[in-house]
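Reviewing the structure listed below.
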Amino acid sequence: MKIHASILVMFSNYKGFYSFMRHLSNDCGHKFIDTSELCTSEIHDILWTSLDLKARVKNHSLGKPLEGSTVTMLCSCQSRSDNLLVQSALQALGADVLFMLGSRWEQYKFKKDIGKFCSLYSDLVVAGGRNHNSLCQLTEGTSVPVVNIASHKFAPLHALGVLMTLQEHFGRLTGLTLGWVGPMGKKLNTFICLLPKVGIHLKYNCSPTPNFPASPLVLPVGTNFCKTFNTRIEAFSDPLATITGVDVIGTSKHKKETQKLELHAVVLRLLKTYRPILVKP
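In numbering that gives the first Met the number 0, the protein residues as written are 0 to 280.
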């Protein structure tokens, strides 16, 4: 099962879909649009529940835990692959999936009213958008849980899926180091807010020009988490230095040709030495 599909299985634990969503939403108002408000124990609960249910899916012993539940998807054309993965996971779990407004939902002025309307016919709203503020406005009107597929600021399902992969491969998370060579954006932002809480160090390089280093939007938040959880977030101007000594390399799409060439050269040189895990969506 794909990363997003595996993570979405977390919505159907032993006590049922609704109780788990209430547990997840206790302190964040029935919304899961980023990972900043998740504590370490909640992250581990999500991961272990997901890994257990992933094994049940593999052994064909899961059944249809979401049968009888209705899920509304508000999709964005920006994340079509994510939308398809989430839709496939929901349908595999037995949920009835409704599509509302498609990629045009962010164009409507009163997004709070959209949230109210979706709540009338849904047990869960799964949304993805170009603007993170649109998701925040949507949640103000919903009375059911809201899950963020991805926005311009955060990609929580992807990051949790990466943690699942690391847990399966290494058998632990604490003490690992992830090296990110790629652009600033939602995936790096999410790693900065999430990794320190589970004991993972982060090294990143997201500028193709060493003289103009980039600083991620949520770096101050991540720095505070590092102080609390005794982890490190370090910026590097050289891609090779970024991924030297790491346990896993993270990357994403590269729009700038100079960065594409740098990353390709670094990976080729690195693979001659050892074979790390390459995490690429």
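All residues carry an ideal CB built from backbone N, CA and C; glycine is no exception. Remember, predicted model here, so these are calculated numbers, not experimental data.
Check                                                                                                                                                        : Outcome
Given a cut-off of 8 Å on the beta-carbon distance, is the pair residue 146 and residue 122 in contact?                                                      : no
Determine whether the beta carbon atoms of residue 94 and residue 68 lie at a separation below 8 Å.                                                          : yes
Could you give the DSSP three-state label for residue 167: helix, strand or coil?                                                                            : helix
Name, in chain order, the residues that DSSP records as bridge partners for residue 233.                                                                     : 202
Do you know how far the Cα of residue 138 is from the Cα of residue 197?                                                                                     : 27 Å
The beta strand (DSSP E) with residue 246 in it runs from where to where?                                                                                    : Premise fails: residue 246 is in no beta strand (DSSP E) and is neither H nor E.
Using the rule of at least 16 other Cβ atoms within 10 Å of the residue's Cβ for burial, across every protein chain shown, is residue 251 buried or exposed? : buried
Kindly indicate which three-state DSSP category residue 147 falls into: helix, strand or coil?                                                               : strand
Can you list, in chain order, the residues of its chain whose CB lies under 7 Å from that of residue 155, leaving out five sequence neighbours each side?    : 31, 33, 34, 147 and 189
Which of helix, strand or coil does DSSP assign to residue 190?                                                                                              : helix
Quick one: give me the first and last residue of the beta strand (DSSP E) that residue 178 is part of.                                                       : 176-180
Should residue 105 be labelled buried (16 or more other beta-carbon atoms within 10 Å of its own) or exposed?                                                : buried
From what residue to what residue does the beta strand (DSSP E) around residue 70 run?                                                                       : 69-73
Check for me: the alpha helix (DSSP H) holding residue 224 runs from which residue to which?                                                                 : 218-228
What does residue 51 pair with, by DSSP beta-bridge criteria?                                                                                                : DSSP output for residue 51 lists no bridge partner at all.
Determine the DSSP secondary structure at residue 116, reduced to helix, strand or coil.                                                                     : helix
With residue 175 and residue 246 assumed to form a contact (beta carbons below 8 Å), what rounded beta-carbon distance in angstroms separates them?          : 5 Å
By DSSP's criteria, residue 124 is part of a beta bridge. Which residues make up the other side?                                                             : 71 and 145
Along the chain, where does the alpha helix (DSSP H) containing residue 134 start, and where does it finish?                                                 : 131-140
Let me check one thing: in DSSP terms, what residues is residue 31 bridge-paired to?                                                                         : 146
Determine whether the beta carbon atoms of residue 153 and residue 185 lie at a separation below 8 Å.                                                        : yes
Does the separation of the CB atoms of residue 128 and residue 134 fall below 8 Å?                                                                           : yes
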